[in-house]
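Trainee: Structure incoming, see below.
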Amino acid sequence: MQGRLQIKKRHPIRNLLITVGVFFLVILGGYLVISQTFQLKKFVVEGSTHYTDEELKEKLVQKSSDRITFLMYLRYRFKGHPEIPFIETYKISMVDNHTIKVKVYDKMIIGCVEMMGSYMYFDRDGIVVESSKELIPGVPLIKGLKFDKIVLNERLEIQKSSLYDMILNVTKLIQKFELNVDELFINSSYEVTLKCDGSEILLGKRDYYDVQIAVIPNILKESENMKLRYDMRYYDEGNKKITAKPMN
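The numbering of the sequence shown is my numbering, which starts it at 945 and goes up by one.
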């Protein structure tokens, strides 16, 4: 009796599915190991004055892969940075397996003007760097400037370009002496008035305001929260006289 030759049937589709399944299991296992080994647990921010650590984290951790430290670092290292309002640039580094550090370089903002319900922020050169519906604490609202239009990333054309130097001088002093200034008003004669904690402080017109602004914290403290109009237009090293009247 002639024997029959047995031929083993092959199942190429089944073998392919098994191969693909094993491949994905290996990938999944590797991803799980990596996600635990490099899980983002600490987000450190340096240099930011406009955003908290949590606010910046919300802006930068945009994808699930960003919760893996080295993947986030590589993405921002090679794909560029998304722009963030009020920040000039920032650098991201991986401190360890679980820590990302962001070094922030803020835009130099000296003030803002209001136009059509928005606040337009400008730098020391008068370049309009940001637009926002919110007024940022610590940035004085400048009133009295005259302009026809405002274009983002272009110089704010005002009645006198030298006013930028004056505004920069005053805002630096405001920050130095930690004054809570709401408004900085410049009249047609280029005299400066500050609105501070509900009081008005007339500083007049001069090249530098160091002597006047240096004493403002003390006179506000002595007023015991009274809302007064202080006349310091003639105050200097030789004339210490300050007149104060109740606000109308």
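C-beta: ideal position from N, C-alpha, C; glycine also.
Decide if Gln1103 is buried, meaning its Cβ has at least 16 other Cβ atoms within 10 Å, or exposed.
Mentor: Position 159 of the sequence shown holds residue 1103. With fewer than 16 other Cβ atoms within 10 Å, it is exposed.
Trainee: From Tyr1178 to Glu1101, what distance separates their C-alpha atoms?
Mentor: Here residue 1178 corresponds to residue number 234 of the sequence shown, with the count starting at 1. Here residue 1101 corresponds to residue number 157 of the sequence shown, with the count starting at 1. Each residue's Cα considered, the two are about 30 angstroms apart.
Trainee: Beta-carbon separation of Lys1047 and Gly991 under 8 angstroms?
Mentor: Within the sequence shown, the letter at position 103 stands for residue 1047. Within the sequence shown, the letter at position 47 stands for residue 991. Yes, the Cβ-Cβ distance between Lys1047 and Gly991 is below 8 angstroms.
Trainee: For Asn1192, which three-state DSSP category applies?
Mentor: Taking the first residue of the sequence shown as 1, we reach residue 1192 at position 248. In the structure shown, Asn1192 sits in coil (DSSP, three-state: anything other than H, G, I, E or B).
Trainee: Tell me whether Ser1076 sits in a helix, a strand or coil according to DSSP, three-state version.
Mentor: Along the sequence shown, read from residue 1 onward, the residue named residue 1076 stands at position 132. Correct three-state label for Ser1076: strand.
Trainee: From the beta carbon of Ile1186, is the nearest beta carbon of chain B less than 8 angstroms away?
Mentor: In summary, chain B is missing from the structure at hand, where a single protein chain is found.
Trainee: Looking only at its chain, what residues have a beta carbon closer than 7 angstroms to the beta carbon of Leu1172, apart from the 5 residues adjacent to it on each side?
Mentor: Here the question's residue 1172 lines up with position 228 in the sequence shown. Within the same chain, Leu1172 has close Cβ partners Ser1143, Ala1188, Lys1189, Pro1190, Met1191.
Trainee: Which class does Asp1151 belong to by DSSP, given the choice of helix, strand or coil?
Mentor: Here residue 1151 is taken as the residue at index 207 of the sequence shown, counted from 1. Correct three-state label for Asp1151: coil.
Trainee: DSSP on Asn1113, reduced to helix/strand/coil?
Mentor: Against the sequence shown, residue 1113 aligns to sequence position 169. In the structure shown, Asn1113 sits in a helix (DSSP, three-state: H, G or I).
Trainee: Taking 8 angstroms as the threshold (C-beta atoms), are Leu1085 and Asp1126 in contact?
Mentor: The sequence position of residue 1126 within the sequence shown is 182, counting from 1. The sequence position of residue 1085 within the sequence shown is 141, counting from 1. Closer than 8 angstroms, so yes.
Trainee: Can at least three beta-carbon pairs, one atom from the segment 1080-1099 and one from the segment 1115-1133, be found at a separation below 8 angstroms?
Mentor: Judged by Cβ distances under 8 angstroms, the segment 1080-1099 makes contact with the segment 1115-1133, as three or more pairs qualify.
Trainee: How far does the alpha helix (DSSP H) with Leu1000 in it reach, from first residue to last?
Mentor: Along the sequence shown, one-based indexing puts residue 1000 at 56. Note, Leu1000: alpha helix (DSSP H), 997-1004.
Trainee: Residues in the same chain with beta-carbon distance under 6 angstroms from Met945, minus the five sequence neighbours each way, listed in chain order, please.
Mentor: Against the sequence shown, residue 945 aligns to sequence position 1. In this predicted model, Met945 has a pLDDT of only 47, less than 50, meaning its place in the structure is not dependable enough to derive any value.
Trainee: Do you know how far the Cα of Leu1096 is from the Cα of Val988?
Mentor: In the sequence shown, the residue the question calls residue 988 occupies position 44. In the sequence shown, the residue the question calls residue 1096 occupies position 152. In a straight line, the C-alpha of Val988 is about 31 angstroms away from that of Leu1096.
Trainee: Less than 8 angstroms between C-beta atoms, sequence neighbours within five positions excluded: which residues of the same chain meet that for His1158?
Mentor: Mapped onto the sequence shown, residue 1158 falls at position 214. Going by the sequence as given, residue 1158 is Ala instead of His. The residues are Leu1117, Phe1121.
Trainee: Quick one: what does DSSP say Gln1103 is sitting in, helix, strand or coil?
Mentor: On the sequence shown, residue 1103 is found 159 positions in, with the first residue counted as 1. Looking at Gln1103 - three-state DSSP - the assignment turns out to be coil, as it is neither helix nor strand.
Trainee: Per DSSP, which one or two residues make a beta bridge with Asp1175?
Mentor: Walking along the sequence shown from the start, residue 1175 turns up at place 231. According to DSSP, which records beta bridges pairwise, Asp1175 is partnered with Leu1146, Thr1187.
Trainee: Quick one: Cα of Pro1081 to Cα of Lys1139, how far?
Mentor: Numbered from its first residue, the sequence shown carries residue 1081 at position 137. Numbered from its first residue, the sequence shown carries residue 1139 at position 195. When rounded, the distance between both Cα atoms is 14 angstroms.
Trainee: Is it a yes or a no for the segment 1059-1071 touching the segment 1002-1022, going by three-plus beta-carbon pairs under 8 angstroms?
Mentor: Contact between the segment 1059-1071 and the segment 1002-1022 is absent, because fewer than three Cβ pairs lie under 8 angstroms.
Trainee: Of the choices Tyr1065, Ser1008, Leu1112, Asp1109, whose alpha-carbon is the least far from that of Ile1031?
Mentor: To locate residue 1031, count along the sequence shown from 1; it is residue 87. It is Tyr1065 whose Cα lies nearest to the Cα of Ile1031.
Trainee: DSSP state of Ile957, grouped into three classes?
Mentor: Here residue 957 corresponds to residue number 13 of the sequence shown, with the count starting at 1. The answer is helix: DSSP assigns Ile957 an H, G or I state.
Trainee: Whole angstroms is fine: what's the gap from Glu998's alpha carbon to Thr1033's?
Mentor: In the sequence shown, counting from the first residue as 1, residue 998 sits at position 54. In the sequence shown, counting from the first residue as 1, residue 1033 sits at position 89. Spanning the two alpha carbons is a distance of roughly 18 angstroms.
Trainee: If I measure Cβ to Cβ from Ile1111 and keep anything under 6 angstroms in the same chain, skipping five residues before and after, which residues do I get?
Mentor: In the sequence shown, counting from the first residue as 1, residue 1111 sits at position 167. These residues qualify, in order along the chain: Ile1054, Gly1055.
Trainee: Contact check, Ile1036 vs Leu984 under 8 angstroms by CB: the rounded distance?
Mentor: Locating residue 1036 in the sequence shown gives position 92, counting from the first residue. Locating residue 984 in the sequence shown gives position 40, counting from the first residue. The Cβ separation is near 12 angstroms, so there is no contact.
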